[in-house]
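So the sequence shown is numbered by the numbering used here: it starts at 1059 and just counts up by one. Here a beta-carbon is modelled for each residue, glycine too, at the ideal position from N, C-alpha and C. Data block below; observations after.
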Amino acid sequence: MRSLWMGSLIAAVGALVRIWAAGHIDKGRVLTQGGPYAFTRNPLYLGSFVIALGVIIAGQGYLLLPAFGAFFAIFYYPVMKAEEQELQNGYGDRFVEYSRRVPLFFPSFRGKGIRSSEFLWARVIRNREHHALAGLILAVVLLILRTLLNSP
């Protein structure tokens, strides 16, 4: 039961990171550099990584951790690099300067990337982040039910 709650808490942190990021990003309109984008260039992927890690822990699927890490590196890293190329093509030197200050994935809290940005719930909805949150809640409920049904 401890891993269920610990994993759920970790997954919730990941969901909060995704919501925070979705409330700042204005896809295709501006180069977002505020909010979580001041600490990592890919907070949405970071949030997804933390959510998946939490779900694996909650479900006690510890043997899946190496495969999950490999999957994430093999599939998400190329996606991040391709998106970076698009951003560089679209924003040029502004993106190059931003990428020098802010790490690709693992956040840095040194303050080099801090820019002001306004969080808007309307952006969270427009970016459909509430769907991801609903999916996470469903996953946690299913894990709780599995735990309750399997306990003596």
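Hey, residue i and residue j are a contact pair by Cβ (cut 8 Å); roughly how many whole angstroms apart?
i, j, result
"Phe1163", "Tyr1103", "7 Å"
"Gly1072", "Gly1119", "Actually they do not touch by this definition, with Cβ atoms about 16 Å apart."
"Gln1146", "Val1154", "6 Å"
"Ser1221", "Thr1090", "Outside the shown range of the chain, which is 1059 to 1210, sits residue 1221, and nothing can be said about it."
"Arg1181", "Ala1096", "Between Ala1096 and Arg1181 the Cβ distance is about 16 Å, and since that is not below 8 Å, they are no contact."
"Phe1107", "Phe1129", "Contact doesn't hold; Cβ gap of about 10 Å is too wide."
"Thr1205", "Leu1074", "Contact flag wrong, Cβ pair sits at about 23 Å."
Please report how far the alpha carbon of residue i lies from the alpha carbon of residue j, in whole angstroms.
i, j, result
"His1082", "Ser1209", "42 Å"
"Ile1202", "Ala1069", "14 Å"
"Glu1187", "Ile1132", "24 Å"
"Thr1098", "Val1160", "6 Å"
"Arg1152", "Asn1100", "16 Å"
"Leu1123", "Ala1190", "21 Å"
"Gly1105", "Met1138", "14 Å"
"Asp1084", "Ile1183", "12 Å"
"Ala1125", "Leu1200", "22 Å"
"Ala1192", "Gly1117", "18 Å"
"Tyr1135", "Trp1179", "28 Å"
"Gly1148", "Ala1140", "13 Å"
"Leu1121", "Asn1185", "33 Å"
"Met1059", "Val1088", "44 Å"
"Leu1196", "Gly1150", "41 Å"
"Leu1207", "Gly1127", "30 Å"
For residue i, count the other beta carbons within 10 Å of its own beta carbon; 16 or more makes it buried, fewer makes it exposed. Which is it?
i, result
"Arg1076", "buried"
"Phe1167", "exposed"
"Leu1067", "exposed"
"Trp1078", "buried"
"Leu1194", "buried"
"Val1198", "buried"
Report yes if the C-beta distance between residue i and residue j is below 8 Å; otherwise report no.
i, j, result
"Gly1065", "Ile1115", "yes"
"Gly1086", "Phe1177", "no"
Strictly under 8 Å for the Cβ-Cβ distance: is residue i near chain B by that measure?
i, result
"Arg1168", "Within the model displayed, chain B is absent; a lone protein chain is all it includes."
TODO: May I have a chain-ordered list of the alpha helix (DSSP H) segments no shorter than 4 residues that lie completely inside the region 1152-1198?
DONE: 1179-1184
- [ ] With a floor of 4 residues, list each alpha helix (DSSP H) that falls wholly inside the region 1097-1152, ordered by position along the chain.
- [x] 1101-1116, 1123-1129, 1135-1149
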